[in-house]
Amino acid sequence: MLMENLFRVIQEIYTSPFNLMLVTGFVLAEWLVAAQYVNRRVYLALDVLGFTAGMLFIPIIYSFLREVTEYAASMNWAAILEGMQTLPAWAKLALCALCIDFTGYWVHRAMHHFPCLWATHRWHHSIEQLYWFSGFRASFFQILILGIPQIVFPFLVFRMTLLEAAIAMGIINFLQFWKHANIRVPWEPLEGLFVTPHYHSIHHKRGQAQQHNFGFMFTIWDRLFGTRLPSRQLARPFAMGLTPPQKKTVWRMVLGL
178 MLMENLFRVI QEIYTSPFNL MLVTGFVLAE WLVAAQYVNR RVYLALDVLG FTAGMLFIPI
238 IYSFLREVTE YAASMNWAAI LEGMQTLPAW AKLALCALCI DFTGYWVHRA MHHFPCLWAT
298 HRWHHSIEQL YWFSGFRASF FQILILGIPQ IVFPFLVFRM TLLEAAIAMG IINFLQFWKH
358 ANIRVPWEPL EGLFVTPHYH SIHHKRGQAQ QHNFGFMFTI WDRLFGTRLP SRQLARPFAM
418 GLTPPQKKTV WRMVLGL
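Right, here's the structure in full:
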């Protein structure tokens, strides 16, 4: 039942008018207030490949996660957290966001520290020009690894309703567009709490900057654990991508091997 509900949520998110409005909004914003020129024709094929592969990977990934979640449910470990499951919807969403982001911060940081995990994340860092759609360039194993907390917390820990889970995943989808967007707006006040496009773009800069700004939604983890590099210290444009450039075949990059 859990996985069937999850598929329903994903289907509703990607086929909803909200998602169409979201895409339209980011396309218009990048046209009106672009941070820098982006030649989408050069990179669109790779980004479409990443998005398409991700959609094809989802059934395989969630078949694996079905076994994990059913095993966890059989242990009834989530019963310990019954108090969280009875919280108001807004509190569940807020706490769930913090849990997903805290876990995501450390997983993301580990991907840059351990070679076996870096292999799963390397393709994402092959992006040389950021725009709203480029964030979908992710390998099979990156989607799998980062997808685990996005399922465990909403569905097992907080036992969200379908509506609550749809809102949570809609926010995640928005943030995926948002942090990779090529938009020029005064960001610094927002960076006190939230990851912004400029803040995240620094993480994609070639060189040591990729060891900074690991947060997905919030900047607080970078502040607490000493990995924050404020956007005011690096003005765009700057070179992004891998150093040296990737030498693996596209299919190894897509799989994350």
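In the working numbering, the protein residues as written are 178 to 434.
A virtual CB, placed ideally from N, CA and C, is assigned to each residue, including glycine.
Asked                                                                                                                                             : Found
Counting only runs that start and end within the region 326-374, where is the alpha helix (DSSP H) found for 4 or more residues in a row?         : 339-357
Does Met-417 come out as helix, strand or coil in the three-state DSSP assignment?                                                                : strand
Tell me where the alpha helix (DSSP H) around Met-394 begins and ends.                                                                            : Unbroken run through Met-394: none, as it is neither H nor E.
Which value, in whole angstroms, describes the spacing of the CA atoms of Val-219 and Cys-293?                                                    : 29 Å
Using only CA atoms, which one of Thr-396, Gly-202, Leu-197 and Arg-383 lies nearest to Ala-358?                                                  : Gly-202
Could you tell me the distance, in whole angstroms, from the CA atom of Ala-211 to the CA atom of Leu-233?                                        : 31 Å
Taking Tyr-282 as part of the alpha helix (DSSP H), name the residues at either end of that continuous run.                                       : 266-288
Can you tell me whether Arg-409 is buried or exposed? The criterion is at least 16 other CB atoms within 10 Å of its CB, across all chains shown. : exposed
Is Tyr-376 buried or exposed, if buried means 16 or more other CB atoms sit within 10 Å of its CB?                                                : buried
If you draw a straight line from the C-alpha of Leu-223 to the C-alpha of Arg-314, how long is it?                                                : 7 Å
Mind checking whether Pro-331 and Lys-356 have CB atoms under 7 Å apart?                                                                          : no
Would you report the Cα separation of Ala-416 and Thr-338, rounded to the nearest angstrom?                                                       : 43 Å
I need the straight-line Cα distance from Gly-392 to Gly-281, nearest angstrom please.                                                            : 7 Å
Hey, quick one: how far does the alpha helix (DSSP H) through Ala-296 stretch, first residue to last?                                             : 292-298
Could you give the distance in angstroms between the alpha-carbon of Arg-361 and the alpha-carbon of Gln-306?                                     : 14 Å
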